[in-house]
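Single-structure report; data block below.
Number of protein chains: 2
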Amino acid sequence: MAFRVGVIGGGQLARMMIEPALALGLEIKVFAENSGSSAAMAVTRIGDYTQIAEVREFAASVDVITFDHEHVPLSVLETLEQEGFSIQPSPKALKFAQNKLHMRRRLSELGLPMPAWAEIKSANELDSFIEENGGVAILKTPIGGYDGKGVAVVRSAADATEWLENLDAFGGSLLAEAKVDFVRELAQLVARRTSGELRAWPLVQTVQRSGVCSEVLVPAPESSESTRQAAIEIAETVAKSLGVTGVLAVELFETTDGRLLINELAMRPHNSGHFSIEGSVTSQFEQHLRAVLDLPLGATESVAAHSVMINLLGVDDENDFVSEYPLALAAFPSAKFHTYGKTARQGRKMGHVTVIGSSFEAVLKEARAAANSCLMV
Amino acid sequence: MAFRVGVIGGGQLARMMIEPALALGLEIKVFAENSGSSAAMAVTRIGDYTQIAEVREFAASVDVITFDHEHVPLSVLETLEQEGFSIQPSPKALKFAQNKLHMRRRLSELGLPMPAWAEIKSANELDSFIEENGGVAILKTPIGGYDGKGVAVVRSAADATEWLENLDAFGGSLLAEAKVDFVRELAQLVARRTSGELRAWPLVQTVQRSGVCSEVLVPAPESSESTRQAAIEIAETVAKSLGVTGVLAVELFETTDGRLLINELAMRPHNSGHFSIEGSVTSQFEQHLRAVLDLPLGATESVAAHSVMINLLGVDDENDFVSEYPLALAAFPSAKFHTYGKTARQGRKMGHVTVIGSSFEAVLKEARAAANSCLMV
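Going down the list, the protein sequences come from chains R and C. The number in the working numbering is simply the position in the first sequence, starting from 1, with 305 added. The number in the working numbering is simply the position in the second sequence, starting from 1, with 305 added.
So this is what it looks like as C-alpha cells:
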C-alpha cells in the first residue's frame, strides 16, 4: 500500500515536505516550474502549472494534489476536481486564500473579527474609505501579493494612481483595509484532515521587518489563556467554515485593547510554523501530508518550553549561508540551521535557523546570534 | 559553495541521511545496487560497488565518499584513497569494522576490554578454545556477518563442521569468542570529525531478539556515572586509535560484575542511534554528514529525558506497516513512525518507531504499544 502526494510548486515548503514523507514512507512527487528548484530531489515533472493538461497528467500519478504556493489558477483546479481528482485544499477553500476580497467577504459573513475593509472600484471610493478610517488605508491587490508585495499604505487616492488606473489587471477592484493600531502580530496554525479532525499548534508571535517575516517566537510571549483560546477558536472556525484541509495559518493583529483581528490566511505550511520541525512533536510539514492524505493527525504539543525561528534572508548575490557553516556550526552547536538550496539574492528567504530550550531569553539570544553568524560576507 | 557527500549503499541508513542533507542544504548522492532502494530519491547511480571503475566515477562527482554498509571491498577503497579521493571513514579504519579478527587484534593491542577470543584455523584449535572457556564458544565468520548471521554458538568443533571445512571462504580462519555472562547489552555512539572533534551521545541499552536489535532504551536505565564514563572512554579510544571518522557505534556487554566488554563495532550510523532523530539535538544522520564533510559537530544532548526506539520487523510478505497507519497513527499521535520503503518480508527491518518523554515507564509502554499496533495483519 502506498499513499502518494503530489505537490505543485518546488519551493522550500515542498522541500521541507520531503523530509516527513521519507520518514513516514509516503510517496511524494513535486511539479516544479524549473530545474534546480529547492525541492529538486522530489521533482518528477517540470512544467507550467497554468496548463491544465500538464497538471492533469501529474495529478493522475498521485492520490492527492496539494500545494507549495497559491498561484495555480482556480479554474484549473475546479476542472480537475470535477473530473474526480482529489485537490487538497479544495478550490472551494483555496479561492479564499487566493483572493483577499473573497476572503474578507466570507469572514465578514461568519462574523469573525478583522479590520474595517471595503472593495474599491474608484478613486472616490478609496478617498471615502480613507476619510472614514483616520486618514490612512492599507491598499491591497486582491490576488498575488505576498511578503509585502501587492500592499501599499495610502493617505489619498493620489497615492494609488497607478493601481487605480489599471483596475482591470486586478479583476476590477482593490481591497482597502483600515490601518490597525496593533501591539504585535500573532499567528495561529491549525491542521484539518479531509474527514474533519483538527489539531492546533501553540499561538506564536511573528516579527515582521519590511513586510517580511523575520522572527517567530513560540509560544507567543505573555499571551493570556483567553487570547490563546480566542486565536484557536478563530482558526478552527475559519478551517471548518471555509472547508480548509491541510495546514491553515491565520495571521492576526493583537490590538492595544487586547482584541485579535484577522490579517491574512494561508492554506499551506507557513513561515510561522517552521519552528515546528524541531519544536513540536509533529511538524507542520508532516501534519500537512497526514491531513491532505486523510491520515490521522499527529500531536502538536511542544518538545521544549520555547522555540525561536529566525529567517535567513539573502544579503547579496554571494552568500548562500552554506558557506558560513564552518564558523556558524562551530559557534552554535545547538542551533538547527536550514537552507533551501537557493541561489543567493538580497532579501530572498534562503533558509532559517531554529533554537529550542527551556529559557525564552536564552533561546532568543542564541537564535539571533546564530542567525547573525551566517550574515557575515 | 556546496558540500557534496556520496553514500555507497541505498538502504535505510542512506535514506535517513537524506533528511538532514536537505535540512542543512548539503548535496547528497547515493550509489545503489538496484532501483527501488530505500534511498531511491537520492540515487544518482545504480551499479556494482565491487567494480572500482564504477565507484571511481561516482567518487569524482562528490567531495567525500561514505557508506550505508560495510561491504565495499577494502582494495577498491584503498586504491581510490591513494588516488586522492576522500573516503570517510578511511579504509585504514574500515578494515577493523569489516574484519572481526583484525578488530579483535587491534583492540587487544590497545588493551581495551573484551571477551576472550582466538583465531581458529582448525577443529583442534576450536576444541581447545571451547575447553578453556567453559565448554562453549561464540564462533564468527570474520567478514560479512550482521543481524545474527555469520554467528553460531558451538559446544564442540563438531557443531561447526561446515564452516571449518570451508575455511578458505572466510579468508583462512574463524573468530572464536568466549560466551560472556552478561546482564544486558549496551551501545555507545560517538562521532568523530576528520579533523578530530569528538561528540558522544548518551549510553543506550539495546535489547536483542534472535540476534536482531529489537528495542533501544535511552539513556540506558539505571546505569552509573562510572559505567557511562567508561563507555565513552572506550568509544573515544576506539575512534581515535583506529582513526574512525563519522559515526562509530560500539556495542558492549555489561557483565554481572559491572564491567563493559566490547562486542562489535560499526563505523556508520547504527540501529542503536535511530532514537536520535527525535531524541537528540543532533541526530546521528546529521552528525555523520557533518563529521565526514569535516563540518563542526552538533550538540548531542537529549531533547527529552527518555527515548525508546523499537524496530518494526517484517511479519510476512504483505504487511509494509504503511498500510497500518490509519489505525496506528490514530491510536498513537505522539509516536514517530518511520518506514523505509521496503518490500515486506518476514524478519526484515521495515521501519522503526520512536517515542520521547519525561517518564521512562510511560515512554516504553507507548513505544511498545505503538509498534504492536503496526503488527496486525
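All residues carry an ideal CB built from backbone N, CA and C; glycine is no exception. Source: prediction; values computed, not measured.
Could you tell me whether the Cβ atoms of C:Ala686 and C:Met572 are closer together than 8 Å?
Chain C is shown from 306 up to 682; residue 686 of chain C falls before or after that span and cannot be answered.
In chain order, what are the residue ranges of uninterrupted beta strand (DSSP E) at least 3 long that sit wholly in the segment 442 to 526 of chain R?
For the segment 442 to 526 of chain R, whole beta strand (DSSP E) runs of length 3 or above, ordered along the chain, are 442 to 445, 456 to 459, 479 to 483, 487 to 497, 503 to 505, 509 to 514 and 517 to 523.
My guess is that C:Thr446 and C:Gly455 are in contact by the Cβ rule of under 8 Å, so how many angstroms apart are they, rounded?
Right, their Cβ atoms sit about 4 Å apart.
Roughly how many angstroms lie between the CA atoms of R:Gln393 and C:Ser585, to the nearest whole one?
The alpha-carbon atoms of R:Gln393 and C:Ser585 are separated by roughly 33 Å.
Is the Cβ of C:Val682 closer than 8 Å to any Cβ of chain R?
With a pLDDT of only 48 at C:Val682, under the threshold of 50, the placement of this residue in the model should not be trusted; the figure read from the coordinates follows. No - not a single Cβ of chain R is within 8 Å of the one on C:Val682.
Distance cutoff 8 Å, beta carbons only. Does R:Phe336 sit that close to anything in chain C?
Not one chain C Cβ lies under 8 Å of R:Phe336.
Does any C-beta atom of chain R lie closer than 8 Å to the C-beta of C:Ile425?
For C:Ile425, the answer is no, since every Cβ of chain R falls outside 8 Å of its Cβ.
Would you list the one or two residues that DSSP bridges to R:Asn404?
BP columns for R:Asn404 point to R:Ile448.
Looking only at DSSP bridge pairs, what is R:Leu557 linked to?
DSSP, once it has assigned bridges, lists R:Leu491 and R:Ile567 as partnering R:Leu557.
Among all the DSSP beta bridges, which residues are the ones paired with C:Met614?
In the DSSP output, where bridge partners are listed per residue, C:Met614 has C:Val521 and C:Thr659.
Output the distance between the C-alpha atoms of R:Glu538 and R:Gly501, rounded to the nearest integer angstrom.
Rounded to whole angstroms, R:Glu538 to R:Gly501 spans 15 Å at the Cα level.
Determine whether the Cβ of R:Ala604 lies closer than 8 Å to any Cβ atom of chain C.
By this cut-off, R:Ala604 is an interface position.
Report the neighbours of R:Ile351 on chain C: residues whose CB is nearer than 7 Å to its CB, in chain order.
Per Cβ cutoff of 7 Å: no residues; R:Ile351 is ~16 Å from chain C at best.
From the DSSP output, in three-state form, read off C:Ser577 for me.
Helix.
Label C:Val488 either buried or exposed according to how many other C-beta atoms from any shown protein chain fall within 10 Å of its C-beta, with 16 as the threshold for buried.
Flag for C:Val488 reads exposed.
For C:Gly603, which residues from the same chain have a beta carbon less than 8 Å from its beta carbon, with the 5 sequence-adjacent residues on both sides left out?
Answer for C:Gly603: Arg504, Val586, Thr587, Glu591, Gln592 and Arg595, listed in chain order.
So, with DSSP's three-state summary, where would you put C:Val682?
Residue placement at C:Val682 is flagged as unreliable, the pLDDT there being 48, under the threshold of 50; a coordinate-derived value is accordingly withheld.
Between the Cα of R:Leu318 and those of R:Ser413, R:Leu557, R:Thr560 and R:Ile582, spot the shortest distance and give me the residue it belongs to.
Nearest option by C-alpha distance: R:Ile582.
Can you give me, in chain order, the residues of the segment 624 to 650 of chain C that have a beta carbon less than 7 Å from any beta carbon in chain R?
Within the segment 624 to 650 of chain C, the residues whose Cβ lies closer than 7 Å to some Cβ of chain R are Asp625, Val627, Ser628, Tyr630, Pro631, Leu634, Ala635, Pro638, Ser639, Phe642, His643, Thr644, Tyr645 and Gly646, listed in chain order.
Mind listing the chain R neighbours of C:Ile323? Cutoff is C-beta to C-beta under 7 Å, in chain order.
Near C:Ile323 (Cβ distances below 7 Å), the residues of chain R are Leu327.
Name the chain R residues that come within less than 7 Å of C:Met614, Cβ to Cβ?
Under the 7 Å cutoff, chain R gives no residues; its nearest Cβ is about 13 Å from C:Met614.
Just the Cα atoms here: how many angstroms apart are R:Gly352 and R:Phe363?
Straight-line Cα distance between these residues: approximately 10 Å.
In chain order, what residues of the same chain lie with their CB nearer than 7 Å to the CB of R:Gly477, ignoring the 5 residues before and after it?
Taken in chain order, the residues that qualify are Lys426.
Any Cβ of chain C within less than 8 Å of the Cβ of R:Arg533?
So, not an interface residue.
Three Cβ pairs or more, each shorter than 8 Å: is that satisfied between the segment 462 to 470 of chain R and the segment 552 to 571 of chain R?
These segments do not touch.
Within 8 Å (strictly less), CB to CB, does R:Leu669 reach chain C?
With 8 Å as the cut-off, R:Leu669 does not count as an interface residue toward chain C.
How should C:Leu415 be labelled, buried or exposed, when 16 other C-beta atoms within 10 angstroms of its C-beta is the threshold for buried?
By the 10 Å Cβ count, C:Leu415 comes out exposed.
Tell me whether R:Val372 sits in a helix, a strand or coil according to DSSP, three-state version.
The sequence shown places Phe at residue 372 of chain R, not Val. Looking at R:Phe372 - three-state DSSP - the assignment turns out to be strand.
Going by CA-CA distance only, name the one from R:Leu634, R:His579, R:Asn624 and R:Ala672 that's closest to R:Glu324.
For the residues R:Leu634, R:His579, R:Asn624 and R:Ala672, the minimum Cα distance to R:Glu324 belongs to R:His579.
R:Gly652: buried (16+ other C-beta within 10 angstroms of its C-beta) or exposed?
Label assigned to R:Gly652: exposed.
Near C:Thr511, which residues of its chain fall below 6 Å by C-beta distance, leaving aside the five closest residues on each side in sequence?
Answer for C:Thr511: Glu490, Ala492, Cys518, Val521 and Ser577, listed in chain order.
Quick test of your reading: R:Ile615 and R:Val668, contact by CB under 8 Å. State the CB separation rounded to the nearest angstrom.
About 11 Å; that fails the 8 Å criterion.
Measure the alpha-carbon distance for C:Leu547 versus C:Pro631 and round it to whole angstroms.
Approximately 47 Å, taken between the alpha carbons.
Measure the CB-CB distance between R:Ala540 and R:Val509 and report whether it falls below 8 Å.
Contact flag unset, no.
Which residues bound the alpha helix (DSSP H) around C:Ala307?
From DSSP, C:Ala307 is part of no alpha helix (DSSP H); its letter is neither H nor E.
Just to confirm, are R:Ser366 and R:Lys334 a CB contact at a threshold of 8 Å?
It is a contact, given that the beta carbons lie within the stated cut-off.
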